[in-house]
Amino acid sequence: MAEEELNYASVVFKKKNSSRPEVKKEEETVYDQVKVHNDGRTAELVPEKKANSRCFQYQHLACCLGTFCLVLLFGIIAYVIYIATLKPDVTQLEELKHNQTVLITENENLKRDNKNLTQAYTVLDNKVTNLTAENKNLQLKNQQLEMDKKNLTAQLENKETAEMELNISRAQWSYDQYCKINDETNRGCQDGWRRFFQSNSICYAVNNAAPSDQRSWEKAREDCRGKVSDLVVVVNDAEKKNVTENSWPIDGVDHGYWLGLRVEDGKWKWVDGHDLTDVSWIQQHPATEGQCAISFRNGWKSVSCTEKKPWICKKKGLTL
Numbered sequence: 001m002a003e004e005e006l007n008y009a010s011v012v013f014k015k016k017n018s019s020r021p022e023v024k025k026e027e028e029t030v031y032d033q034v035k036v037h038n039d040g041r042t043a044e045l046v047p048e049k050k051a052n053s054r055c056f057q058y059q060h061l062a063c064c065l066g067t068f069c070l071v072l073l074f075g076i077i078a079y080v081i082y083i084a085t086l087k088p089d090v091t092q093l094e095e096l097k098h099n100q101t102v103l104i105t106e107n108e109n110l111k112r113d114n115k116n117l118t119q120a121y122t123v124l125d126n127k128v129t130n131l132t133a134e135n136k137n138l139q140l141k142n143q144q145l146e147m148d149k150k151n152l153t154a155q156l157e158n159k160e161t162a163e164m165e166l167n168i169s170r171a172q173w174s175y176d177q178y179c180k181i182n183d184e185t186n187r188g189c190q191d192g193w194r195r196f197f198q199s200n201s202i203c204y205a206v207n208n209a210a211p212s213d214q215r216s217w218e219k220a221r222e223d224c225r226g227k228v229s230d231l232v233v234v235v236n237d238a239e240k241k242n243v244t245e246n247s248w249p250i251d252g253v254d255h256g257y258w259l260g261l262r263v264e265d266g267k268w269k270w271v272d273g274h275d276l277t278d279v280s281w282i283q284q285h286p287a288t289e290g291q292c293a294i295s296f297r298n299g300w301k302s303v304s305c306t307e308k309k310p311w312i313c314k315k316k317g318l319t320l
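Take the sequence shown: its letter number 267 is residue 267 in full-length UniProt numbering, and every next letter is one higher.
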């Protein structure tokens with residue numbers, strides 16, 4: 001008879017439907033002795049049951065594995081079919097992406113071209129505006145020039161009329177000055193002028209001004225030029241003699257009269273640009289800068305051009 005087997009079990013009693021949780025008390029362990037009566041038949045059935053249990057587990061595992069493989073196979077087939085059906089869509093998608101990229105590039109190019117054209121249009125519009133303004137200004141200037149031309153034409157006509165009237169007046173004045181002189185000796189010379197020689201038409205004006213009205217050489221020359229003449233230029237001994245004889249004293253004082261002769265660049269020169277050919281005509285003949293020649297009854301001499309003297313003018317008379 002097999003030994004009796006002792007089995008131990010712990011039994012815990014819990015109250016059901018407790019309304020309030022309470023602090024757990026230490027669980028009480030109750031031990032009891034359970035005796036199991038085993039016979040030989042029970043011992044023989046245990047291995048057989050274990051074998052049947054294992055076989056059932058293997059069958060269940062194989063069934064699960066087969067089901068999993070079948071599901072996996074169906075999944076692979078479905079994936080292959082999906083990939084097969086998706087490949088044309090992928091190709092089409094790539095083409096669409098490529099087309100989209102091309103369109104984006106073209107759009108950017110069009111935007112850039114549009115920007116450039118806008119800028120060019122703005123520049124041209126500004127140029128047109130500026131040219132329009134310039135054209136308007138040119139039209140105004142042209143109108144102003146037309147008015148100026150008209151005014152100048154009128155002024156020119158008035159000037160020609162005035163010059164004609166002036167020429168008539170001058171002719172009348174010349175007639176009154178030169179042609180009405182009763183003295184045949186000075187015919188051809190205006191009033192206040194006279195001829196030293198009857199053989200030519202040269203007129204002389206001896207300006208025997210009082211000491212308070214006498215002038216420097218430059219001022220005396222200005223007076224002669226104002227009378228359409230110049231300081232006397234002597235061309236020969238005969239003229240020198242006449243000029244000297246007409247250089248008479250003023251109030252008993254022999255001041256001397258300015259001649260058109262002075263020192264330039266170390267030489268004695270006449271106001272007409274010719275050099276003095278006979279330096280013996282001047283008593284102190286050394287040419288010194290700032291010196292001018294005067295004529296008095298005893299001859300010629302050199303003095304400072306700034307001194308104040310009377311003067312003699314000379315010009316060509318009117319030929320009748």
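The beta-carbon is built from N, C-alpha and C at its ideal position, and this holds for glycine as well.
- Under the three-state reduction of DSSP, Gly226 is assigned to helix.
- One alpha carbon belongs to Thr105, the other to Glu146, and they sit about 60 Å apart.
- Comparing C-alpha distances from Arg225 to each of Lys127, Cys313 and Glu108 shows the shortest one belongs to Cys313.
- In this structure, Trp270 keeps its C-beta atom at 8 Å or more from the C-beta atom of Ala220.
- Contact between the region 192-211 and the region 283-298 is not established, with fewer than three Cβ pairs separated by less than 8 Å.
- The DSSP assignment places complete alpha helix (DSSP H) segments of no fewer than 4 residues inside the region 208-296 at 217-226 and 237-245, in order along the chain.
- Beta bridge pairing from DSSP links Cys203 with Lys315.
- CA-to-CA, the gap between Lys301 and Lys240 works out to about 13 Å.
- Inclusion of Gly299 and Gln283 in the CB contact set at 8 Å is warranted, their separation being smaller than that value.
- Taking the Cα of Arg215 as reference, the smallest distance to any Cα among Trp311, Leu93 and Thr118 is reached at Trp311.
- The C-beta distance from Lys309 to Ala287 rounds to 19 Å, too long to fall under 8 Å, and the pair is not in contact.
- By the Cβ neighbour-count rule, Trp248 is exposed, with fewer than 16 other Cβ atoms within 10 Å of its own.
- Per DSSP, the unbroken beta strand (DSSP E) holding Gly299 starts and ends at Gly299 to Ser304.
- The beta carbon of Lys227 is closer than 8 Å to those of Ala205, Cys313 and Lys315 in its chain, skipping five residues each way along the sequence.
- Looking at the DSSP output, Lys309 sits in a beta bridge with Arg215.
- Nearest in C-alpha terms to Phe296, of all of Ile250, Cys305, Asp278 and Asp275, is Ile250.
- When secondary structure is reduced to three states using DSSP, Arg112 falls in the helix class.
- The DSSP-derived three-state label of Arg194 is strand.
- Inclusion of Gly256 and Val232 in the CB contact set at 8 Å is not warranted, their separation being larger than that value.
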